Amino acid sequence: MSGRRRLDWLGLTPEPERELPAAVAALRASSQRPPVAPAELAAAERRRVEHLVLRGSRHGWLRYLAEVTELVTAAATGQEPEPGRGPGPGPGPGDRTAALLAAEVVLDHHRMLIGLPGPGYGRTARDRAALESAVRTLRTTPPTGESR
Numbered sequence: 519m520s521g522r523r524r525l526d527w528l529g530l531t532p533e534p535e536r537e538l539p540a541a542v543a544a545l546r547a548s549s550q551r552p553p554v555a556p557a558e559l560a561a562a563e564r565r566r567v568e569h570l571v572l573r574g575s576r577h578g579w580l581r582y583l584a585e586v587t588e589l590v591t592a593a594a595t596g597q598e599p600e601p602g603r604g605p606g607p608g609p610g611p612g613d614r615t616a617a618l619l620a621a622e623v624v625l626d627h628h629r630m631l632i633g634l635p636g637p638g639y640g641r642t643a644r645d646r647a648a649l650e651s652a653v654r655t656l657r658t659t660p661p662t663g664e665s666r
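My numbering applies: residue 519 is where the sequence shown begins, and numbers increase by one.
In structure tokens:
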């Protein structure tokens, strides 16, 4: 095996880098104890994504997107993320807009993996199914306490 890194995964689309930090920060905000300023959380998330893109690997990037998927599904179902996947309690109803944006961005990313060599598309099948369900739920179900 050569020492060259495969970088084809970086060329999919810039939306995850651009859109996810603020959306993920909003999803994480409800679990921060003590509360952290939204701008501070967004900056930390931006640094994390930048590090993954500049110094990470395809595997690390997909692991991050799986974590985002867990946060999104927690927001859609109103439950806590699985232990070890997300940081603390699940997002509240106010995070549904951020959850929908994150879900759509990650789902688009995962759908485009079909055009890349390697197992990425197959590895994300479960996350794609979870994201499709979450998007349906977030688009059609009103937040708790609201009526249609």
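Where is the CB? At the ideal position from N, CA and C, for every residue including glycine.
Predicted, not measured: the structure shown is a model, and the values here were computed from it.
A647: member of the alpha helix (DSSP H) spanning 643-658, first to last residue.
Unbroken alpha helix (DSSP H) stretches of 4 residues or longer found wholly inside the segment 555-601: 556-573, 576-595, given in chain order. Contact between A593 and A617 holds, with the beta-carbon distance rounding to 4 Å and staying under 8 Å. The beta carbon of A544 sits closer than 6 Å to the beta carbons of D613, A616 from its chain, once the five residues preceding and following it are set aside; these are given in chain order. In this structure L538 is in contact with V586, their Cβ atoms being roughly 6 Å apart against a cut-off of 8 Å. Per DSSP, P534 is one residue of the alpha helix (DSSP H) stretching across 533-547. Residue environment for A647: exposed (fewer than 16 other C-beta atoms within 10 angstroms of its C-beta). The three-state reading of DSSP puts G640 in helix, counting H, G and I together. Going by DSSP, L618 is part of the alpha helix (DSSP H) stretching over 614-630. When the five nearest sequence neighbours on each side are left out, the beta carbons in the same chain lying within less than 6 Å of the beta carbon of E563 are those of P539, V542, A543, in order along the chain.
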